[in-house]
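Everything below concerns the one structure shown next.
Number of protein chains: 2
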Amino acid sequence: MQGTNHDDLRRRNLSIILRLVHRSGAASRAQLTRLTGLNRSTIGALVAELVERGLVEERTPDPTKLAGRPSPIVAASDRVVALAVNPEIDAITVGVVALSGVVHRRIRFATSSSPTAAEAVAITAGIIDDLRNDLSEYSIIGIGIAVPGLVRAFDGLVRHAPHLGWVDEPLGDLLAAATGLPVVAANDASLGVTAERYFGAGQGMTDLIYLNGGSSGIGGGLVVGGVAAGGRAGYAGEFGHIRVSASGQKDSAGIAGTLEAEVTRDALLEVLGLRASETDADTLERALLASDSAAVHAEVARQLDFLAVALAGAVNVLNPQVIVLGGFLAALHAADPDRLSRAVAALSLGTAFDGVQIAPALLGSNLLLIGAAELAFEALLLDPQLDRGNTFALPALSARVAVSPASHPH
Amino acid sequence: MQGTNHDDLRRRNLSIILRLVHRSGAASRAQLTRLTGLNRSTIGALVAELVERGLVEERTPDPTKLAGRPSPIVAASDRVVALAVNPEIDAITVGVVALSGVVHRRIRFATSSSPTAAEAVAITAGIIDDLRNDLSEYSIIGIGIAVPGLVRAFDGLVRHAPHLGWVDEPLGDLLAAATGLPVVAANDASLGVTAERYFGAGQGMTDLIYLNGGSSGIGGGLVVGGVAAGGRAGYAGEFGHIRVSASGQKDSAGIAGTLEAEVTRDALLEVLGLRASETDADTLERALLASDSAAVHAEVARQLDFLAVALAGAVNVLNPQVIVLGGFLAALHAADPDRLSRAVAALSLGTAFDGVQIAPALLGSNLLLIGAAELAFEALLLDPQLDRGNTFALPALSARVAVSPASHPH
DNA sequence: GTGATACGTTGCCAGAGTCAACAAATCATC
DNA sequence: GATGATTTGTTGACTCTGGCAACGTATCAC
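These protein sequences, in sequence, are chains Y and G. The first sequence runs 1 to 410 under our numbering. The second sequence runs 411 to 820 under our numbering.
The following block contains the structure:
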């Protein structure tokens with residue numbers, strides 16, 4: 001129970017303004033006064049401090065049809081960036097994401113085999129070193145890592161990443177030592193929620209459930225009462241291992257009858273006669289929608305009914321506003337949305353399911369980069385007065401490795 | 411995203427101090443200084459304001475063995491009270507609970523039949539009117555109602571209380587109109603969590619799950635990341651309707667194979683040969699522990715295994731610090747704690763279950779009164795500067811209806 | 001009794017947000 | 001194109017809050 005003093009007050013107000021322009025996009029000063037309830041002069045002073053610190057920029061006002069003096073637009077800076085890292089079985093992706101939401105660059109480093117933690121650190125540090133030589137005028141806040149596995153929130157230790165074969169790897173510490181930048185790590189699915197919550201299908205929601213279907217299983221995360229649920233040690237969100245069936249079918253953790261054991265991408269690919277290596281999420285969805293095979297419909301129905309058991313349980317316990325489905329679960333849902341809705345309704349309390357939306361994830365391939373960057377930005381958003389000593393050069397957008405200029409909607 | 415101004419700052423700090431002494435018990439000024447990080451002079455001023463408002467009292471310091479000037483003890487007032495109301499099928503209970511945690515009075519009004527909402531309001535208002543004639547020197551903050559059913563958080567509308575046969579009853583509004591006091595209502599199980607969280611088995615926990623087994627079903631609530639989960643409309647916590655079995659056994663809501671359908675007090679009473687009307691929670695627990703009947707053991711094992719499915723699901727999704735079991739579920743757990751632990755461990759991810767405690771609820775018969783009072787106190791705790799116009803006389807403790815002086819540990 | 005220790009009290013100070021008056025920039029109207 | 005209405009930024013005086021340091025006070029140990 002920390003008390004609040006004057007410094008905290010200023011910090012809080014700076015934090016609120018920076019969060020607003022970062023999360024909800026650019027806003028005029030007049031809008032900020034209305035949103036925060038603070039005085040015009042206060043907003044002026046706060047924005048001036050943020051400009052001074054290089055965190056936001058003021059643009060000339062949009063031409064509006066209203067009478068009155070135009071209000072300058074306050075926007076999060078493009079020059080303040082976080083580095084987002086996502087190690088996978090066949091590649092390591094590094095993104096440069098700006099506070100404004102723009103994904104400046106996206107570098108994919110393909111690996112011939114699944115990297116060890118040490119290799120992943122070396123490769124990532126190498127990519128970042130390459131970037132540094134090129135960097136100027138940009139301020140790097142820190143590094144966020146999206147790990148496909150269980151990550152201890154406390155210190156970023158990767159407890160278990162089955163897909164990569166990592167156990168108890170101090171990934172965060174290693175990368176911090178190798179780069180000298182602050183590093184934060186979290187489970188990829190929980191970062192998916194973060195991204196969808198702020199910039200995707202969950203915008204403005206305080207209670208949402210997110211389930212992501214990947215090739216190796218089902219993960220997810222949740223936001224409860226406006227707070228991202230981490231749990232005791234950051235392991236919350238493992239929807240894949242909820243029991244939904246009495247069958248003996250085991251999942252990757254050896255538990256029988258779980259969601260992940262019954263609802264799989266591989267089973268869908270098999271009835272469709274598709275190869276995993278050639279099928280991305282969109283292809284799968286198109287194939288499911290195009291198919292008129294009875295076997296496909298039966299498999300879709302079977303999987304949807306099991307998914308409904310898990311979702312209904314979550315609805316009863318959490319009474320969310322929205323359930324966001326990503327990965328192949330989005331495709332599965334798209335194949336027969338009504339069946340899923342009806343099945344969840346049948347298995348949950350009417351009052352609790354009342355008004356719950358089931359929606360596909362909106363952010364595509366940038367999902368994890370945005371989520372990981374958000375993780376790295378958090379420290380800055382909490383305290384915009386933090387001294388950030390790490391500023392590196394990054395001239396224009398002439399990348400050395402591989403450039404994917406991209407952005408996500410605000 | 412509300413900004414914070416000077417008034418908010420003061421309010422926050424007053425709120426923090428009042429919460430501390432209310433929730434964690436009396437503390438010396440010196441302790442408050444350390445806990446809040448605020449300056450000694452600030453604490454002095456804040457405590458003085460709270461004393462001025464009659465919310466806290468300063469007592470002479472405890473004799474301590476330390477050198478130095480003794481620090482006055484700051485304690486929440488006994489004279490500031492909330493009225494807690496709990497309508498049930500055969501009685502309406504009203505409690506007078508002080509900010510200090512003392513339950514001054516407890517009045518149980520037995521009804522010959524299950525009361526309608528209007529009757530419940532009339533009876534409650536009558537009891538409160540009787541109290542008012544007697545009241546002096548006490549300040550009544552408001553009324554909190556613990557309703558055995560679904561309550562819409564928004565306005566306290568009782569959507570559905572199956573046990574009482576109520577549907578869409580504006581209980582809160584009616585009682586507010588009848589008494590002129592502010593009224594807040596919530597689901598009884600979710601108030602149970604509140605009580606256990608602050609004063610019982612969940613003290614200091616930020617992630618806890620609470621399941622309560624009652625005669626008519628299983629309800630519960632959860633705290634996620636330090637926030638009580640209400641959900642979109644306050645219906646969160648319905649653990650009873652989670653599916654745990656493939657059987658066709660239906661629960662009160664008509665859903666098959668749910669926790670509430672498989673795990674029931676009645677089934678335990680039946681194998682024990684006990685009558686519901688004569689068996690309270692303690693009796694049930696003693697009978698279960700004393701029994702050496704194979705049928706009883708089998709039924710206990712069957713129910714524990716189903717309970718484990720629900721708990722494992724919750725563990726995987728929420729990664730809590732503690733699972734608190736109340737009502738007959740506490741008795742069930744006590745009958746074979748190891749079996750439950752092992753079964754939950756087998757059905758959940760090792761990392762997520764690691765360190766999770768399963769504990770019985772600590773607060774007994776005062777649970778709901780304390781939870782309901784806490785609900786009513788919340789407005790005051792949020793803003794100790796709130797003008798409270800409602801002060802009524804209450805001379806000594808000479809009750810007119812039925813008095814149960816009692817208190818709960820702090 | 002004396003010193004050490006811990007804590008409350010007091011008066012002064014700095015910092016943050018508020019307020020009101022004024023200036024500036026736009027639109028609508030004549 | 002001048003005028004007024006409207007909205008908003010700017011400025012300086014003001015208020016309130018917590019911090020700080022010096023001082024006073026109450027206890028313990030010797």
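Every residue gets a Cβ at the ideal spot worked out from N, C-alpha and C, and that includes glycine.
Residues of chain Y with a CB under 7 angstroms from the CB of residue i: which are they?
i        : result
G:His573 : Going along chain Y, no residue has its Cβ under 7 angstroms from G:His573, so there is no contact; the nearest lies around 15 angstroms.
G:Pro730 : Gly231 and Arg232
G:Ile665 : Leu347
G:Gly765 : Arg232
G:Gly723 : Ile242, Arg243 and Gly313
Starting from residue i and walking both ways along the alpha helix (DSSP H), at which residues does that stretch end?
i        : result
Y:Gly350 : Gly350 to Phe353
Y:Val317 : Ala294 to Leu318
Y:Thr124 : Ala117 to Asp134
G:Tyr608 : Asp598 to Phe609
Y:His333 : Phe328 to Ala335
Y:Asn86  : No alpha helix (DSSP H) contains Y:Asn86, which is instead part of the beta strand (DSSP E) from Val80 to Pro87.
G:His651 : Segment: none, G:His651 is in no alpha helix (DSSP H) and carries neither H nor E.
G:His416 : His416 to Arg433
Y:Glu52  : Arg40 to Glu52
Y:Ala411 : Past the boundaries of the shown model lies residue 411 of chain Y; chain Y is included only from 1 to 410, so the question cannot be answered.
Expressed to the nearest angstrom, what Euclidean distance is found between the alpha-carbon atoms of residue i and residue j?
i        : j        : result
G:Thr453 : G:Val594 : Sequence inspection shows Ile at residue 453 of chain G; the Thr mentioned does not correspond to that position. Those two C-alpha atoms are separated by around 31 angstroms.
G:Gly511 : G:Gly736 : 21 angstroms
Y:Pro63  : Y:Ser15  : 28 angstroms
G:Gly664 : Y:Val244 : 18 angstroms
G:Asp583 : G:Ala596 : 13 angstroms
Y:Val412 : Y:Arg286 : Chain Y is shown from 1 up to 410; residue 412 of chain Y falls before or after that span and cannot be answered.
Y:Leu171 : Y:Ala177 : 10 angstroms
Y:Leu259 : G:Leu792 : 42 angstroms
Y:Leu131 : Y:Arg79  : 14 angstroms
G:Leu591 : G:Phe738 : 35 angstroms
G:Val484 : G:Gly435 : 9 angstroms
G:Lys660 : G:Leu773 : 31 angstroms
G:His707 : Y:Arg11  : 59 angstroms
Y:Ala352 : Y:Tyr235 : 25 angstroms
Y:Arg197 : Y:Ala98  : 18 angstroms
Y:Leu397 : Y:Ile89  : The pLDDT assigned to Y:Leu397 is 30, lower than 50, so where the model puts this residue is not dependable, and the model offers no usable value.
G:Val506 : G:Ile537 : 11 angstroms
G:Leu465 : Y:Arg69  : 48 angstroms
Y:Ala82  : G:Val732 : 36 angstroms
G:Ala704 : G:Leu694 : 17 angstroms
My understanding is that residue i touches residue j, with C-beta atoms under 8 angstroms, so please give their C-beta distance in whole angstroms.
i        : j        : result
G:Ser600 : G:Gly647 : 5 angstroms
G:Ala501 : G:Gly554 : Wrong, their Cβ atoms sit about 17 angstroms apart, outside the cutoff.
Y:Ser348 : Y:Asn316 : 5 angstroms
Y:Leu386 : Y:Ala379 : 7 angstroms
G:Gly650 : G:Gly627 : 5 angstroms
Which chain G residues sit within Cβ distance under 7 angstroms of residue i?
i        : result
Y:Gln2   : Thr446 and Gly447
Y:Leu150 : Thr761
Between which two residues does the beta strand (DSSP E) harbouring residue i extend?
i        : result
G:Gln767 : Gln767 to Pro770
G:Ala440 : Counting along the chain, G:Ala440 falls outside any beta strand (DSSP E), though it belongs to the alpha helix (DSSP H) covering Arg439 to Thr446.
G:Ser549 : Tyr548 to Val557
Using the beta-carbon of each residue, which ones in chain G are nearer than 9 angstroms to residue i?
i        : result
Y:Thr93  : Ordered by position in chain G, no residue passes the 9 angstroms Cβ test against Y:Thr93, which lies about 25 angstroms from the chain.
Y:Asp336 : Within chain G, no residue comes near Y:Asp336; the closest Cβ sits about 20 angstroms away, beyond 9 angstroms.
For residue i, go through chain Y and note every residue whose CB falls closer than 8 angstroms to its CB, in chain order.
i        : result
G:Arg569 : Thr351
G:Arg825 : Not covered by the structure: residue 825 of chain G. The range shown for chain G is 411 to 820.
G:Val719 : Arg243
Taking residue i as the query, report the chain G residues whose CB atoms sit under 8 angstroms from its CB, ordered along the chain.
i        : result
Y:Phe486 : The shown model of chain Y, from 1 to 410, leaves out residue 486 of chain Y, and the question about it has no answer.
Y:Val56  : Those do not exist, as Y:Val56 stays about 15 angstroms from chain G at its closest Cβ, beyond 8 angstroms.
Y:Arg132 : By Cβ distance, chain G contributes nothing, its closest Cβ being about 35 angstroms from Y:Arg132, past 8 angstroms.
Interface residues of chain Y around residue i at Cβ under 9 angstroms?
i        : result
G:Asn415 : Leu9, Asn13, Gly37, Leu38, Asn39 and Thr42
G:Ile426 : Met1, Gln2, Gly3 and Thr4
**OP:** Answer yes if the segment 446-465 of chain G comes into contact with the segment 2-17 of chain Y, meaning at least three C-beta pairs across the two stretches below 8 angstroms, and no otherwise.
**Re:** yes
Original post:
Would you say the segment 522-535 of chain G touches the segment 615-628 of chain G, given that touching needs at least three Cβ pairs under 8 angstroms?
Top reply: no
**OP:** Count the CB pairs spanning the segment 369-377 of chain Y and the segment 134-143 of chain Y that are closer than 8 angstroms, and state whether there are at least three.
**Re:** yes
**OP:** Answer yes if the segment 103-122 of chain Y comes into contact with the segment 146-154 of chain Y, meaning at least three C-beta pairs across the two stretches below 8 angstroms, and no otherwise.
**Re:** no
Subject >> Stretch-stretch touch, CB-based, cutoff 8 angstroms, three pairs: the segment 303-311 of chain Y with the segment 626-640 of chain G >> reply: no
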